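Single-structure report; data block below.
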Amino acid sequence: MRSSTVALLLWSPALLCAQLIVAGETRPTDHYHDLLPDTLLNAPQGINGGSRTLLLDLNADGTMDLELTTSYVEGGQWYRYRDGVATPLNGAEAAWARMDSCFANMPDSVLVFALPVAATYNSGDTIDADGGWTDQPVSLGYHRSNASVPNNFGYGCSASDLHHDPGFLGVRLVSSGDTLYGWVHLPWVGLKGDSLVVSEFAFQLQTVGIAPAAVHSDQPNVRGGWLGIPPSIPGPIRMQVVDPAGRMVVERTVTSGKHDLRPMIRSTGVMVCVLSWADGRWSDRFFLE
55 MRSSTVALLL WSPALLCAQL IVAGETRPTD HYHDLLPDTL LNAPQGINGG SRTLLLDLNA
115 DGTMDLELTT SYVEGGQWYR YRDGVATPLN GAEAAWARMD SCFANMPDSV LVFALPVAAT
175 YNSGDTIDAD GGWTDQPVSL GYHRSNASVP NNFGYGCSAS DLHHDPGFLG VRLVSSGDTL
235 YGWVHLPWVG LKGDSLVVSE FAFQLQTVGI APAAVHSDQP NVRGGWLGIP PSIPGPIRMQ
295 VVDPAGRMVV ERTVTSGKHD LRPMIRSTGV MVCVLSWADG RWSDRFFLE
């Protein structure tokens, strides 16, 4: 049986804190996952085409937060379509840098559409509230061109400049007053977006800094593997315990008093216990190991 340690934070929407994470770096309270080996998303080529998708649970709570997709579509004699997209899910947001346009190659340029392009962070860059954030899909790479029709005749749209440079993709979650940041390492992105490599990711499990003790002086705590909830915490209280792989081990409603967490503590990694109450407006996170 391993000893229990606790990292505790109370956070209110009224308490503002300069949140940030550094690309390529982690803190002990961050959730870090190394995809061993690196995952290659390479869309099938040829007449049938297809796509490849990878879903990521960024904060190990059992819910997928980001979808990475590469696609290739063969449109016969008219066009070929390639792209790579990062789609935020379930309250997540992605950092984007600019809108880039796709024009048809005609005697007069015709705007076909514009796409938000994901921001690129290098190792050591700060990821925070500055810049653009969106809950909509962002482009990692895009290319559309005619398969057999000359580019100076008819519809021929090429936008291969919509490209996310190799580096780090910024992500964040905004929920119940918390704004938590993370990064996804993409060490290689194909020039046309239909292939990319995902190697690792990290995400904050608690905000930076501690709210003043006056906000709630009688706090939940974990000692010796026992969760203590004081009577002053209003019920019902939702308790979730998640294992290192992001699987939900326990989900139940609890009340004030003592609760034995020792059977849930494993030797295979850090467990996360999440408490939420007051319709999710308050939440605590405990790290069990």
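To convert, take the position in the sequence shown, counting from 1, and add 54; that gives our numbering. Glycine is no exception: its CB is placed at the ideal position from the N, C-alpha and C atoms. Owing to the predicted nature of the structure, the values given are computational and were not obtained by experimental measurement.
Candidates the options: closest to residue i by CA position
| i | options | result |
| --- | --- | --- |
| V193 | T80, S125 and R226 | Sequence check: residue 193 is Ser here, not Val. Nearest option by C-alpha distance: S125. |
| G78 | D179, L169, D137 and L120 | D179 |
| G185 | D232, L74, R316 and V276 | L74 |
| N102 | N275, R136 and M118 | R136 |
| W242 | H87, L94 and T80 | L94 |
| P317 | R292, G311 and L281 | L281 |
| V328 | P285, V276, S286 and G311 | V276 |
| A256 | R292, T141 and L110 | L110 |
| L250 | G224, Y235 and G195 | G195 |
| L315 | G100, L342, I291 and T141 | L342 |
6 Å Cβ shell around residue i - same chain, five flanking residues per side excluded
| i | result |
| --- | --- |
| G289 | T309 |
| T123 | S105, T107 and V139 |
Close beta carbons around residue i, own chain, < 7 Å, minus the five adjacent residues each side
| i | result |
| --- | --- |
| M302 | G116, Q294 and V296 |
| L89 | V252, S253 and E254 |
| L259 | T83, D84, H85, N113, V326 and R339 |
| W150 | P170, V171, A172, A173, G186, T188 and V192 |
Spatial neighbours of residue i in its chain, beta-carbon cut-off 8 Å, leaving aside the 5 residues before and after
| i | result |
| --- | --- |
| F222 | A77, G78, T174, Y175, N176, S177, D179, I181, W237, V238, H239 and L240 |
Distance between residue j and residue i (C-alpha atoms, nearest Å)
| i | j | result |
| --- | --- | --- |
| E128 | N96 | 15 Å |
| D92 | A148 | 21 Å |
| I283 | P191 | 40 Å |
| P233 | L143 | The amino acid at residue 233 is misidentified as Pro; the sequence shows Thr. When rounded, the distance between both Cα atoms is 15 Å. |
| T307 | G279 | 18 Å |
| M153 | P220 | 19 Å |
Environment of residue i [buried if 16+ CB atoms lie within 10 Å]
| i | result |
| --- | --- |
| E305 | exposed |
| D119 | buried |
| L286 | Note that residue 286 is Ser in the sequence shown, not Leu. By the 10 Å Cβ count, S286 comes out exposed. |
| A146 | buried |
Residue i: CB within 7 Å of a non-hydrogen atom of the ligand MN
| i | result |
| --- | --- |
| H85 | Ligands displayed in this structure: none; no statement on the ligand MN is therefore possible. |
Residue ranges of each beta strand (DSSP E) run of no fewer than 3 residues wholly in the region 66 to 140, ordered along the chain? For the region 66 to 140, whole beta strand (DSSP E) runs of length 3 or above, ordered along the chain, are 74 to 76, 84 to 96, 104 to 110 and 120 to 128.
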